[in-house]
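Colleague: Here's a structure for you.
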Ligand code: IPM
Ligand code: MG
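Structure follows, in structure tokens:
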């Protein structure tokens, strides 16, 4: 299969983690006889530095022409601490989501048995957690009118949703529930917000077409609590943009590290695949970041191409590496390997028979082959 992949490494640890993900894609291409062609694009703070624009025109064109986008991370503390900045790295990602009509952000959260003790929650609450968040990504308060009053003493961010915007993501979430454990939880704030009442009303209508799916409605404050108390009660979570942003970071720590969570953003044009973690500037250039979230995002990309066997191979080998403790320091503070070694080890596993690999060597800085 021939595919063009736009690679947008972005800021902070973005370039390091996307490099490992590309390494893995290369091995998959060789093993299965695919032809993946990459084209790099600037985005975020680095794009502002080089062009003055967080999403240069050429990057958008590259994305529109590609079959999929591999995205690293964006953000720089320089802008976070300057509320007066006129251009911000995040605008690059937000504009990209809008331009591509990426209305559904899919974020699976799954615990790994061997990591259950790393979770800040007790084993009995974490075990068996396997949920997926369907976050609306192209509307709501993120994209409504925003501004300041003339005297600068007040500010506003409008939150708007249309039935159509809710319907298109709700359908995807119901379909996902049908192929999973047939439970869908809508998270909203319908006791206070009009937009949430429209969400609830629209979802109630759509639910009639999916009689086999059990639907539950939770207010976001209660949901934030339930995710910590009993994460394994959830199957598919459907929610709007801002609540989804918050709930997905909250859910990510359940697995023991935010460095493990991938995501897929799909919509009208090219789909985008990115880890849910940010640019983690403190770790940039140190080769310590966890590339697994990005590699798992690549597995979601392969599934999107219909390459299920390839995706499955990556997922099982990542499971295997986590079980063997071949992980970065966010997952194991004493015995750990670097970001690039995780990519090397996985590439070897994908390339050859597991029994030929000696993982002990990895900790001594050698390659794990006999
Ligand atoms: C995410 C991020 C982004 C968001 C930022 C970087 C704009 O937090 O993808 O969750 O808020 O959507
Ligand atoms: Mg976020």
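In this note's numbering, the protein residues as written are 2 to 371.
Glycine included, C-beta positions come from ideal geometry on N, C-alpha and C.
Among 236, 116 and 197, which one has its Cα closest to the Cα of residue 174?
Modeller: Sequence index remark: in the chain shown, residue 174 carries index 173 (1-based). Nearest C-alpha to residue 174: 236.
Colleague: Given a cut-off of 8 Å, decide if residue 240 and residue 277 are closer than it, judged by their beta-carbon atoms.
Modeller: Counting from one through the chain shown, the residue named residue 277 turns up at place 276. Counting from one through the chain shown, the residue named residue 240 turns up at place 239. It is not a contact, given that the beta carbons lie outside the stated cut-off.
Colleague: DSSP beta-bridge partners for residue 189?
Modeller: Against the chain shown, residue 189 aligns to sequence position 188. Beta-bridge pairing links residue 189 to 220.
Colleague: If contact is defined by three or more beta carbon pairs under 8 Å, each pair taking one atom from either stretch, is the stretch 69-78 in contact with the stretch 223-236?
Modeller: Because the criterion of three Cβ pairs below 8 Å is not met, the stretch 223-236 and the stretch 69-78 do not touch.
Colleague: Can you give me the Cβ contacts of residue 196 inside the same chain, cut-off strictly under 6 Å, excluding the 5 residues immediately before and after it?
Modeller: One-based indexing of the chain shown puts residue 196 at position 195. Result list for residue 196: 160 and 162, in chain order.
Colleague: Do residue 6 and residue 33 have their beta-carbon atoms positioned less than 8 Å apart in this structure?
Modeller: Position 32 of the chain shown, counted from the first residue, corresponds to residue 33. Position 5 of the chain shown, counted from the first residue, corresponds to residue 6. Against a cut-off of 8 Å, the Cβ pair of residue 6 and residue 33 comes out as no contact.
Colleague: Rounded to whole angstroms, what's the CA-CA distance from residue 16 to residue 87? Just pull it up for me.
Modeller: If you number the chain shown from 1, residue 16 lands on position 15. If you number the chain shown from 1, residue 87 lands on position 86. Cα to Cα, the separation comes out at about 25 Å.
Colleague: Report yes if the CB atom of residue 178 is closer than 8 Å to the CB atom of residue 185, and no otherwise.
Modeller: Within the chain shown, residue 178 is the residue found at index 177, counting from 1. Within the chain shown, residue 185 is the residue found at index 184, counting from 1. Closer than 8 Å, so yes.
Colleague: Ordered along the chain, which non-local residues of its own chain (more than five positions away) have a Cβ less than 7 Å from that of residue 127?
Modeller: Counting from 1 along the chain shown, the entry for residue 127 is found at position 126. Counting only Cβ-Cβ distances below 7 Å, and skipping sequence neighbours, we find 112, 117, 120, 232 and 255.
Colleague: Pull every residue with its beta-carbon under 6 Å away from any heavy atom of the ligand MG, and keep them in chain order.
Modeller: In chain order, the qualifying residues are 246 and 250.
Colleague: For residue 57, which residues of its own chain have a beta-carbon under 7 Å away from its beta-carbon, when the five flanking residues on both sides are left out?
Modeller: Within the chain shown, the letter at position 56 stands for residue 57. Only 43 and 48 meet the Cβ criterion.
Colleague: If you count every other CB in all the chains shown that lies within 10 Å of the CB of residue 92, and 16 or more means buried, which is it?
Modeller: Along the chain shown, one-based indexing puts residue 92 at 91. Looking at its Cβ environment, which holds 16 or more other Cβ atoms inside 10 Å, residue 92 is buried.
Colleague: Where do the ends of the beta strand (DSSP E) carrying residue 133 lie?
Modeller: For this step, residue 133 is matched to residue 132 along the chain shown. Looking at the DSSP string, the run of the beta strand (DSSP E) that includes residue 133 is 131-137.
Colleague: From residue 266 to residue 141, what does the alpha carbon distance come to, in whole angstroms?
Modeller: Along the chain shown, one-based indexing puts residue 266 at 265. Along the chain shown, one-based indexing puts residue 141 at 140. Rounded to whole angstroms, residue 266 to residue 141 spans 16 Å at the Cα level.
Colleague: Between 8, 10, 46 and 21, which has its C-alpha nearest residue 340's C-alpha?
Modeller: Taking the chain shown and counting its residues from 1, the one referred to as residue 340 is at position 339. Minimum Cα distance to residue 340 is reached at 21.
Colleague: Should residue 155 go down as buried or exposed, given a rule of 16 or more other Cβ atoms within 10 Å for buried?
Modeller: For the purposes of this step, residue 155 is taken as residue 154 along the chain shown, with counting starting at 1. With fewer than 16 Cβ atoms within 10 Å of its Cβ, residue 155 is classed as exposed.
Colleague: Taking 6 Å as the limit between beta carbons, can you name the residues of its chain near residue 39, skipping five residues before and five after?
Modeller: Sequence index remark: in the chain shown, residue 39 carries index 38 (1-based). Excluding positions up to five away in sequence, the list reads 6 and 8.
Colleague: What three-state label does DSSP hand residue 233 in the structure shown?
Modeller: Counting from one through the chain shown, the residue named residue 233 turns up at place 232. In the structure shown, residue 233 sits in a helix (DSSP, three-state: H, G or I).
Colleague: Looking at residue 280: is its Cβ nearer than 8 Å to the Cβ of residue 53?
Modeller: Within the chain shown, residue 280 is the residue found at index 279, counting from 1. Within the chain shown, residue 53 is the residue found at index 52, counting from 1. Taking 8 Å as the Cβ cut-off, residue 280 and residue 53 do not qualify as a contacting pair.
Colleague: Could you have a look at residue 371 and say whether DSSP puts it in helix, strand or coil?
Modeller: As a first step, residue 371 must be located in the chain shown, where it is residue number 370. Note that residue 371 has pLDDT 41, beneath the 50 cutoff, so the model's placement of it is unreliable and no number is given.
Colleague: If we require 3 or more residues per run, which beta strand (DSSP E) segments fall completely within the stretch 121-182?
Modeller: List check, beta strand (DSSP E) in window: 131-137, 147-149 and 156-158.
Colleague: Verify the contact flag: residue 277, CB atom, against every heavy atom of the ligand IPM, threshold strictly below 7 Å.
Modeller: On the chain shown, residue 277 is found 276 positions in, with the first residue counted as 1. Yes, the beta carbon of residue 277 sits closer than 7 Å to at least one heavy atom of the ligand IPM.
Colleague: Answer yes or no: the CB of residue 91 versus the heavy atoms of the ligand IPM, is any distance below 7 Å?
Modeller: Here residue 91 refers to the residue found at position 90 of the chain shown. Yes; taking the cut-off as 7 Å, the Cβ of residue 91 has a heavy atom of the ligand IPM nearer than that.
Colleague: Would you identify the three-state DSSP class for residue 8, choosing helix, strand or coil?
Modeller: Sequence index remark: in the chain shown, residue 8 carries index 7 (1-based). Correct three-state label for residue 8: strand.
Colleague: Applying the 10 Å Cβ sphere with the 16-neighbour rule, what's the burial state of residue 252?
Modeller: Indexing the chain shown from 1 puts residue 252 at position 251. Flag for residue 252 reads buried.
Colleague: Taking residue 31 as part of the alpha helix (DSSP H), name the residues at either end of that continuous run.
Modeller: For the purposes of this step, residue 31 is taken as residue 30 along the chain shown, with counting starting at 1. Taken as a continuous stretch (DSSP letters only), the alpha helix (DSSP H) holding residue 31 covers 15-33.
Colleague: Can you tell me the Cβ-Cβ gap for residue 274 and residue 302, rounded? I've got them flagged as a contact below 8 Å.
Modeller: Residue numbering aside, residue 274 sits at position 273 when the chain shown is read from its first letter. Residue numbering aside, residue 302 sits at position 301 when the chain shown is read from its first letter. With 8 Å as the limit, residue 274 and residue 302 qualify as a contact, their Cβ atoms being about 4 Å apart.
Colleague: Report whether the distance from the Cβ of residue 97 to the nearest heavy atom of the ligand IPM is below 7 Å.
Modeller: Against the chain shown, residue 97 aligns to sequence position 96. Checking every heavy atom of the ligand IPM against the Cβ of residue 97, none is found closer than 7 Å.
Colleague: Mind pulling the beta strand (DSSP E) runs of 3 or more residues that sit fully within the stretch 255-283?
Modeller: If we require 3 residues or more, the beta strand (DSSP E) runs fully inside the stretch 255-283 come out as 263-267 and 272-276.
Colleague: Am I right that residue 102 and residue 270 are in contact with their C-beta atoms under 8 Å? What's the rounded C-beta distance?
Modeller: As a working note, residue 102 is residue 101 in the chain shown. As a working note, residue 270 is residue 269 in the chain shown. About 6 Å separates the two Cβ atoms, so the contact holds.
Colleague: What ranges does the beta strand (DSSP E) occupy inside the stretch 87-112, keeping only unbroken runs of at least 3 residues that lie completely in it?
Modeller: Segments of the beta strand (DSSP E) lying fully in the stretch 87-112: 105-111.
Colleague: Looking at the structure shown, is residue 352 part of a helix, part of a strand, or coil, going by DSSP?
Modeller: Along the chain shown, read from residue 1 onward, the residue named residue 352 stands at position 351. Residue 352: helix per DSSP, three-state reduction.
Colleague: Might you give, ordered along the chain, the residues of its own chain that have their beta carbon closer than 7 Å to the beta carbon of residue 78, omitting 5 neighbours on each side?
Modeller: Walking along the chain shown from the start, residue 78 turns up at place 77. So the qualifying residues of the chain are 282.
Colleague: Which partner residues of residue 36 appear in the DSSP bridge assignment?
Modeller: Taking the first residue of the chain shown as position 1, residue 36 is located at position 35. 3.
Colleague: If I measure Cβ to Cβ from residue 352 and keep anything under 7 Å in the same chain, skipping five residues before and after, which residues do I get?
Modeller: The residue labelled residue 352 in the question sits at position 351 within the chain shown. Taken in chain order, the residues that qualify are 28 and 32.
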